[in-house]
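Q:
Residue numbers (the numbering used here), protein chains in the order written: chain A, 2 to 266; chain B, 2 to 194.
Listed below in structure tokens is the structure:
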């Protein structure tokens with residue numbers, strides 16, 4: 002028995018040896034009772050398993066399975082497809098301008114975020130708040146609320162992250178904001194395509210506002226990335242990134258009401 | 002990649018774009034085989050249905066992280082096997098808990114589940130005698146017809162380990178089927194292990 006490789010016996014039983022090799026091995030094993038018993042055991046078990054009919058779901062079980070899985074994935078709520086959402090996305094510019102003007106007027110609540118969606122296949126997205134939009138600046142001044150985000154953003158479009166909110170609000174005019182938004186299209190196009198570091202990819206400790214709505218609209222339970230509102234009044238922005246470096250789907254809400262604001266694509 | 006693998010990749014992409022039909026097609030393509038694996042591993046129809054459901058929910062929730070390094074079906078099987086292991090562990094813990102007073106009645110549901118099981122009773126009983134490791138290797142390779150390499154990926158063990166488990170699992174299965182004198186275990190240990 003010891004002279005037989007058990008892998009070869011198993012292969013012989015499974016019929017996976019070349020015919021000539023199988024014939025030689027079979028003949029040799031026939032002269033060895035213990036090896037023959039081993040081969041017989043392998044074949045018996047294999048045939049028993051292979052001959053057993055494969056279990057199948059009944060019609061009721063199948064229907065219930067699909068219903069339960071779809072329900073768990075929120076596919077049973079007839080959510081509006083993401084592609085359809087993109088067709089009814091709102092024009093953000095008037096909204097942003099009005100918001101900026103209002104913010105400047107009250108000069109109180111820091112900041113709101115804004116979302117810009119590109120016209121072509123590529124999205125233009127900013128999750129940064131419009132903190133600095135000095136009228137003398139033609140490139141637009143965008144700054145994230147803190148740390149790394151500010152560095153990333155300042156690297157993209159030469160922003161001035163150190164500009165304070167009070168300064169920006171005090172000096173912001175609608176034309177300046179409009180210029181900033183226009184420039185943002187170009188700046189954030191690069192932003193969306195590359196720096197995943199801008200976006201948090203870990204689940205936050207704090208409750209995520211509008212998570213249920215995001216799940217329904219994204220048709221996904223577990224958004225890979227998101228940007229929490231950095232300050233009161235900011236937009237909540239959600240996105241999915243398949244490779245961690247590009248934005249594939251995104252929805253934005255007003256976190257106070259969870260009203261849908263925009264989506265990409 | 003196989004035609005099935007290509008089709009799965011395309012369906013996953015469509016699903017991620019919000020195509021509900023892609024979900025149906027992925028379910029249709031894989032639900033019976035996942036259920037078969039779960040039933041053969043757990044040997045209880047209700048438990049297998051639960052595990053099948055949990056498997057698909059897990060997979061669809063994480064499908065956007067599927068990198069495509071292996072076939073979608075391999076990943077799916079892996080989730081299914083792990084889900085079955087977890088469920089078996091949970092069931093084991095539950096079985097160890099004492100029943101509340103007055104609850105030790107005959108389990109009619111268990112009898113119905115056994116009647117409903119579609120495995121042949123002798124094979125069912127024989128499979129039940131295998132350890133989880135041997136049973137999963139035999140089910141994946143011999144029942145599902147997967148290659149040793151694929152089974153190794155699914156089980157997360159080296160190919161040699163799968164070979165050994167399949168070989169010894171078949172022998173134990175044959176012995177359990179009662180049609181063969183036991184082969185001394187040390188014979189195979191001369192080659193495996």
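Idealized CB from N, CA, C, for every residue including glycine.
(1) Which first and last residues belong to the alpha helix (DSSP H) in which residue 53 of chain B is found?
(2) Assuming residue 170 of chain B is part of the alpha helix (DSSP H), what are its boundary residues?
(3) Is the number of C-beta pairs between the segment 146-163 of chain B and the segment 70-79 of chain B that are closer than 8 Å three or more?
(4) Going straight from the alpha carbon of residue 125 of chain A to that of residue 66 of chain B, what length do you get?
(5) Are there three or more Cβ pairs, one per stretch, closer than 8 Å when the segment 35-49 of chain B is compared with the segment 2-18 of chain B?
(6) Taking a Cβ distance cut-off of 7 Å, strictly less, list which residues of the segment 139-169 of chain B are near chain A, in chain order.
(7) With distances taken from CA atoms, which of A:62, A:76, A:8 and A:49 is nearest residue 54 of chain B?
(8) What are the start and end residues of the alpha helix (DSSP H) that includes residue 137 of chain B?
(9) Return helix, strand or coil for residue 5 of chain A, following the three-state DSSP convention.
(10) Where residue 267 of chain A and residue 40 of chain A are concerned, what is the direct C-alpha to C-alpha distance, given to the nearest angstrom?
(11) So with CB distances below 7 Å, who are the chain B contacts of residue 73 of chain A?
(12) Buried or exposed: residue 21 of chain A, going by 16 or more other Cβ atoms within 10 Å of its Cβ?
(13) Per DSSP, what kind of secondary structure is residue 130 of chain B in: helix, strand or coil?
(14) What is the DSSP secondary structure of residue 204 of chain A, counted as helix, strand or coil?
(15) What does residue 88 of chain B reach in chain A if we use C-beta pairs closer than 7 Å?
(16) With H, G and I counted as helix, E and B as strand and the rest as coil, what does DSSP make of residue 152 of chain B?
(17) In the DSSP assignment, find the alpha helix (DSSP H) that holds residue 31 of chain B and state where it starts and stops.
(18) Using a Cβ-Cβ distance under 8 Å, would residue 56 of chain A count as near chain D?
(19) Tell me, please, whether the CB atom of residue 235 of chain A is closer than 8 Å to any CB atom in chain B?
(20) Would residue 31 of chain B be called buried (16 or more neighbouring beta carbons within 10 Å of its own) or exposed?
(21) Do we get a CB-CB distance below 8 Å when we pair residue 33 of chain B with the residues of chain A?
(22) Check the C-beta distance from residue 153 of chain B over to residue 159 of chain B and give it rounded, since I have them as a contact under 8 Å.
(23) Is there at least one Cβ from chain B nearer than 8 Å to residue 32 of chain A's Cβ?
(24) So residue 54 of chain A is in the alpha helix (DSSP H); what residue range does that whole segment cover?
(25) Using DSSP with H/G/I as helix, E/B as strand and the rest coil, what is residue 75 of chain B?
(26) Evaluate residue 130 of chain B with the Cβ neighbour count: other Cβ atoms within 10 Å of its Cβ, from every protein chain shown; 16 or more gives buried, anything less gives exposed.
(27) Three-state secondary structure (DSSP) at residue 18 of chain B?
(28) Going by beta-carbon coordinates alone, are residue 47 of chain A and residue 15 of chain A separated by less than 8 Å?
(29) Closest Cβ-Cβ distance between residue 27 of chain A and chain B: below 8 Å?
(30) Please list, in chain order, all residues of the same chain as residue 29 of chain B whose beta carbon is under 7 Å from its beta carbon, the five residues on each side excluded.
(31) Using three-state DSSP, classify residue 145 of chain B as helix, strand or coil.
(32) Which residues in the same chain as residue 173 of chain B place their Cβ atom closer than 8 Å to its Cβ, once the five residues preceding and following it in sequence are excluded?
(33) For my contact list, residue 73 of chain A and residue 58 of chain B are in at a C-beta cut-off of 8 Å; report their separation, rounded to the angstrom.
(34) According to the Cβ coordinates, are residue 30 of chain A and residue 24 of chain A closer than 8 Å?
(35) Would you please verify whether the beta carbon of residue 46 of chain A is less than 8 Å from any beta carbon of chain B?
(36) Specify the secondary structure class of residue 84 of chain B as computed by DSSP and reduced to three states.
A: In this structure, then:
(1) Position 52 of the second chain, counted from the start, is the residue given in the question as residue 53 of chain B. Residue 53 of chain B -> alpha helix (DSSP H) spans 46-63.
(2) Residue numbering aside, residue 170 of chain B sits at position 169 when the second chain is read from its first letter. Counting along the chain, the alpha helix (DSSP H) containing residue 170 of chain B begins and ends at 160-177.
(3) yes
(4) Numbered from 1 along the first chain, position 124 holds the residue referred to as residue 125 of chain A. Numbered from 1 along the second chain, position 65 holds the residue referred to as residue 66 of chain B. Low confidence applies here, because residue 125 of chain A scores a pLDDT of 29, under 50, leaving its location unreliable; read the following figure in that light. Approximately 23 Å, taken between the alpha carbons.
(5) no
(6) 139, 143, 144, 164, 167 and 168
(7) Here the question's residue 54 of chain B lines up with position 53 in the second chain. Closest option to residue 54 of chain B, Cα to Cα, is A:62.
(8) Start at 1 with the first residue of the second chain, and residue 137 of chain B comes out as number 136. From DSSP, the alpha helix (DSSP H) with residue 137 of chain B extends over 133-139.
(9) The residue given as residue 5 of chain A occupies position 4 in the first chain. Residue 5 of chain A: coil per DSSP, three-state reduction.
(10) The structure shown does not extend to residue 267 of chain A, since chain A spans only 2 to 266, so no value can be given for it.
(11) Counting from 1 along the first chain, the entry for residue 73 of chain A is found at position 72. By Cβ distance, chain B contributes 58.
(12) For the purposes of this step, residue 21 of chain A is taken as the residue at position 20 of the first chain. Classification of residue 21 of chain A: exposed, given that the 10 Å Cβ count is below 16.
(13) Position 129 of the second chain, counting from 1, holds the residue named residue 130 of chain B. Three-state result, residue 130 of chain B: coil.
(14) Position 203 of the first chain, counted from the start, is the residue given in the question as residue 204 of chain A. Residue placement at residue 204 of chain A is poorly supported in this model, since its pLDDT is 45, which falls under 50; the coordinates still yield a value, given next. Of the three classes helix, strand and coil, the one that applies to residue 204 of chain A here is coil, per DSSP.
(15) Within the second chain, numbered from 1, the residue matching residue 88 of chain B stands at position 87. The contacting residues do not exist; residue 88 of chain B stays about 15 Å from chain A at best.
(16) Against the second chain, residue 152 of chain B aligns to sequence position 151. Three-state result, residue 152 of chain B: helix.
(17) Stepping through the second chain from its first residue, residue 31 of chain B is reached at position 30. For residue 31 of chain B, the enclosing alpha helix (DSSP H) stretches over residues 21-43.
(18) In summary, chain D is missing from the structure at hand, where the protein chains are A and B.
(19) Translated into the one-based positions of the first chain, residue 235 of chain A becomes position 234. Confidence at residue 235 of chain A is low in this model, with a pLDDT of 46, below 50, so the placement of that residue is unreliable and no value is reported for it.
(20) Counted from its first residue, the second chain places residue 31 of chain B at position 30. Buried: at least 16 other Cβ atoms inside 10 Å.
(21) Residue mapping note: residue 33 of chain B aligns to position 32 of the second chain, counting from 1. Yes, its Cβ sits closer than 8 Å to a Cβ of chain A.
(22) Here residue 153 of chain B refers to the residue found at position 152 when the second chain is read from its first residue. Here residue 159 of chain B refers to the residue found at position 158 when the second chain is read from its first residue. Residue 153 of chain B to residue 159 of chain B, Cβ: 6 Å. Contact.
(23) For the purposes of this step, residue 32 of chain A is taken as the residue at position 31 of the first chain. So no, residue 32 of chain A is outside the interface.
(24) Here residue 54 of chain A refers to the residue found at position 53 when the first chain is read from its first residue. First-last for residue 54 of chain A: undefined, no H or E at that position.
(25) Against the second chain, residue 75 of chain B aligns to sequence position 74. Correct three-state label for residue 75 of chain B: helix.
(26) Along the second chain, read from residue 1 onward, the residue named residue 130 of chain B stands at position 129. Exposed: under 16 other Cβ atoms inside 10 Å.
(27) If you number the second chain from 1, residue 18 of chain B lands on position 17. Coil, per DSSP.
(28) Counted from its first residue, the first chain places residue 47 of chain A at position 46. Counted from its first residue, the first chain places residue 15 of chain A at position 14. Against a cut-off of 8 Å, the Cβ pair of residue 15 of chain A and residue 47 of chain A comes out as a contact.
(29) Along the first chain, one-based indexing puts residue 27 of chain A at 26. Not one chain B Cβ lies under 8 Å of residue 27 of chain A.
(30) On the second chain, position 28 is the one that residue 29 of chain B refers to. Answer for residue 29 of chain B: no residue qualifies.
(31) As a first step, residue 145 of chain B is located in the second chain; it is residue number 144 there, counting from the start. In the structure shown, residue 145 of chain B sits in coil (DSSP, three-state: anything other than H, G, I, E or B).
(32) As a working note, residue 173 of chain B is residue 172 in the second chain. Correct list, in chain order: 130, 131 and 135.
(33) The sequence position of residue 73 of chain A within the first chain is 72, counting from 1. The sequence position of residue 58 of chain B within the second chain is 57, counting from 1. Correct: roughly 5 Å between the Cβ atoms.
(34) Working through the first chain from its first residue, we reach residue 30 of chain A at position 29. Working through the first chain from its first residue, we reach residue 24 of chain A at position 23. Result no, Cβ atoms of residue 30 of chain A and residue 24 of chain A do not sit closer than 8 Å.
(35) Within the first chain, residue 46 of chain A is the residue found at index 45, counting from 1. Yes, its Cβ sits closer than 8 Å to a Cβ of chain B.
(36) By one-based count along the second chain, residue 84 of chain B stands at place 83. Note: residue 84 of chain B maps to helix in three-state DSSP.
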